[in-house]
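Q: Okay, handing you the structure first.
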Amino acid sequence: MPEKQLRRGNSYVVISENADTDIGISSKAMSIMNSFDNDIFERTAAEASRLAHYNKRSTITSREIQTAVRLLLPGELAKHAVSEGTKAVTKIYDSC
Numbered sequence: 003m004p005e006k007q008l009r010r011g012n013s014y015v016v017i018s019e020n021a022d023t024d025i026g027i028s029s030k031a032m033s034i035m036n037s038f039d040n041d042i043f044e045r046t047a048a049e050a051s052r053l054a055h056y057n058k059r060s061t062i063t064s065r066e067i068q069t070a071v072r073l074l075l076p077g078e079l080a081k082h083a084v085s086e087g088t089k090a091v092t093k094i095y096d097s098c
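Residue numbering for the sequence shown follows this note's numbering, starting at 3 and increasing by one per position.
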């Protein structure tokens, strides 16, 4: 993988190139994806923060994040997001 892609930090570039090397992403599409990612992240963090506050907790745990995702995303998308998130965290812990 070229160093430029690593510095860019956009996983959708790496994923699209792993799926098909002939597929690229325009800078405008990259900007849209960055905006989408930031929006979802901010909404999830804000909702998780509210949930922790409602439950008189000072720490946001994976439970608040999962609940926030379930509240923000519809049906199957929420289930898939929680499943993939759990899988990613497990992979990180297993590599330590």
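Ideal placement from N, C-alpha and C gives every residue a C-beta, glycine not left out.
Quick caveat: nothing in here was measured; it's all calculated off a predicted structure.
In whole angstroms, give me the CA-to-CA distance for Ala54 and Arg65.
A: For this step, residue 54 is matched to residue 52 along the sequence shown. For this step, residue 65 is matched to residue 63 along the sequence shown. When rounded, the distance between both Cα atoms is 10 Å.
Q: Contact criterion: CB-CB distance below 8 Å. Does Ile25 meet it with respect to chain B?
A: No chain B is part of this structure, which consists of one protein chain only.
Q: Report the rounded CA-to-CA distance for Thr61 versus Gly26, giving the unit in angstroms.
A: Taking the first residue of the sequence shown as 1, we reach residue 61 at position 59. Taking the first residue of the sequence shown as 1, we reach residue 26 at position 24. So the two alpha carbons sit approximately 40 Å from each other.
Q: Give the list of continuous alpha helix (DSSP H) stretches no shorter than 4 residues that lie fully inside the stretch 51-92.
A: DSSP runs (the alpha helix (DSSP H)) wholly in the stretch 51-92: 64-74.
Q: Residues in its own chain within less than 8 Å of Val84 by CB, not counting five upstream and five downstream?
A: Along the sequence shown, one-based indexing puts residue 84 at 82. The answer, listed in chain order, is Gln68, Val71, Arg72.
Q: Please classify Ser97: does DSSP put it in a helix, a strand, or coil?
A: Position 95 of the sequence shown, counting from 1, holds the residue named residue 97. Reduced to three states, the DSSP call for Ser97 is helix.
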